[in-house]
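Residue numbers (this note's numbering), protein chains in the order written: chain A, 29 to 143; chain B, 241 to 353. Backbone N, C-alpha and C define an ideal beta-carbon position, used for all residues, glycine too. Here the structure is a predicted model, which is why all the values come from computation and not from measurement. Please read the structure below before turning to the comments.
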Amino acid sequence: DAGVTQSPTHLIKTRGQQVTLRCSPISGHKSVSWYQQVLGQGPQFIFQYYEKEERGRGNFPDRFSARQFPNYSSELNVNALLLGDSALYLCASSLATGGAGYGYTFGSGTRLTVV
Amino acid sequence: GESVGLHLPTLSVQEGDNSIINCAYSNSASDYFIWYKQESGKGPQFIIDIRSNMDKRQGQRVTVLLNKTVKHLSLQIAATQPGDSAVYFCAENTIQGAQKLVFGQGTRLTINP
Numbered sequence: 029d030a031g032v033t034q035s036p037t038h039l040i041k042t043r044g045q046q047v048t049l050r051c052s053p054i055s056g057h058k059s060v061s062w063y064q065q066v067l068g069q070g071p072q073f074i075f076q077y078y079e080k081e082e083r084g085r086g087n088f089p090d091r092f093s094a095r096q097f098p099n100y101s102s103e104l105n106v107n108a109l110l111l112g113d114s115a116l117y118l119c120a121s122s123l124a125t126g127g128a129g130y131g132y133t134f135g136s137g138t139r140l141t142v143v
Numbered sequence: 241g242e243s244v245g246l247h248l249p250t251l252s253v254q255e256g257d258n259s260i261i262n263c264a265y266s267n268s269a270s271d272y273f274i275w276y277k278q279e280s281g282k283g284p285q286f287i288i289d290i291r292s293n294m295d296k297r298q299g300q301r302v303t304v305l306l307n308k309t310v311k312h313l314s315l316q317i318a319a320t321q322p323g324d325s326a327v328y329f330c331a332e333n334t335i336q337g338a339q340k341l342v343f344g345q346g347t348r349l350t351i352n353p
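What follows is the structure in structure tokens.
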């Protein structure tokens, strides 16, 4: 079975540009969460979607948005990129929301560099 | 604000020795406490978790201890192997409300031959 798939794996953008990151969850998983991991730190929660609805949002500006599609895949969009947005963006899928740690499976992430 | 922190940023142990990684948490309302392992270029990988109504849980070569009195969590790895080299994160989660994992900063575990 395929795990959580994220694309692209790496990309470089210029300040002020917009970026879209994509995530395909494990087959059967209906929830997708997005995390930002700055180098040397733990992941920070951005969004959680379940059954195409936003179920949680972290402390991130409105430049960050996301959506979930009928096939449960998800996109994370970041507008007006800043240098500080450079990070590894992780997607985690789960059957449902919340609960035990074993329920979350992370992808390998998208490494975004803003120059 | 919310935080899950770690006492030591790096830990170096001899191959075959036991490793103990510590974590302090701040949200006493969390329902689950989780340990993740992250290798270079990969996302966090689940190791073991413990529910808040337990104080100890064992897995294969790993044990998690939870002390709610002092809000402390630890991960013990027995007979550490070279493949255990990674960054280890503790995280906490709640069943109700905002469904999110709150991660600590991480401890880098290095195995000496």
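Looking at the structure shown, is residue 251 of chain B part of a helix, part of a strand, or coil, going by DSSP? As a working mapping, residue 251 of chain B is identified with position 11 in the second sequence. Three-state DSSP puts residue 251 of chain B in a strand.
DSSP three-state label for residue 84 of chain A, please. Along the first sequence, one-based indexing puts residue 84 of chain A at 56. In the structure shown, residue 84 of chain A adopts extended strand secondary structure according to DSSP, grouped into three states.
Taking only three categories from DSSP, how would you classify residue 324 of chain B? To locate residue 324 of chain B, count along the second sequence from 1; it is residue 84. In the structure shown, residue 324 of chain B sits in a helix (DSSP, three-state: H, G or I).
Does residue 256 of chain B pass the burial test, meaning 16 or more other C-beta atoms within 10 Å, or should it be called exposed? In the second sequence, the residue the question calls residue 256 of chain B occupies position 16. Exposed is the label assigned to residue 256 of chain B, since fewer than 16 other Cβ atoms lie within 10 Å of its Cβ.
Is the beta carbon of residue 77 of chain A closer than 9 Å to that of residue 66 of chain A? For this step, residue 66 of chain A is matched to residue 38 along the first sequence. For this step, residue 77 of chain A is matched to residue 49 along the first sequence. Result no, Cβ atoms of residue 66 of chain A and residue 77 of chain A do not sit closer than 9 Å.
Considering only the alpha carbon of each residue, which of B:268, B:269 and B:262 lies closest to residue 275 of chain B? As a working note, residue 275 of chain B is residue 35 in the second sequence. If we check each option's Cα against that of residue 275 of chain B, B:262 comes out closest.
So which residues of chain A does residue 341 of chain B contact, with C-beta pairs closer than 8 Å? Translated into positions along the second sequence, residue 341 of chain B becomes position 101. Against chain A, the beta carbon of residue 341 of chain B has neighbours under 8 Å at 61, 63, 71, 73, 120, 129 and 132, listed in chain order.
If we ignore side chains and look at the alpha-carbon of each, how far apart do residue 334 of chain B and residue 291 of chain B end up? Along the second sequence, read from residue 1 onward, the residue named residue 334 of chain B stands at position 94. Along the second sequence, read from residue 1 onward, the residue named residue 291 of chain B stands at position 51. Residue 334 of chain B and residue 291 of chain B: Cα-Cα distance of roughly 10 Å.
Cβ of residue 17 of chain A within 9 Å of Cβ of residue 346 of chain B? Beyond the ends of chain A as shown, which are 29 and 143, falls residue 17 of chain A; an answer cannot be given.
Expressed to the nearest angstrom, what Euclidean distance is found between the alpha-carbon atoms of residue 96 of chain A and residue 42 of chain A? As a first step, residue 96 of chain A is located in the first sequence; it is residue number 68 there, counting from the start. As a first step, residue 42 of chain A is located in the first sequence; it is residue number 14 there, counting from the start. Residue 96 of chain A and residue 42 of chain A: Cα-Cα distance of roughly 26 Å.
Could you check if residue 124 of chain A is buried or exposed, using at least 16 other CB atoms within 10 Å of its CB as the buried criterion? Position 96 of the first sequence, counted from the start, is the residue given in the question as residue 124 of chain A. Burial state of residue 124 of chain A is exposed, judged by a 10 Å Cβ sphere holding fewer than 16 other Cβ atoms.
Would you say residue 83 of chain A faces chain B, with C-beta separation under 9 Å as the test? Taking the first residue of the first sequence as position 1, residue 83 of chain A is located at position 55. Flagged as an interface residue toward chain B: residue 83 of chain A, by a C-beta distance shorter than 9 Å.
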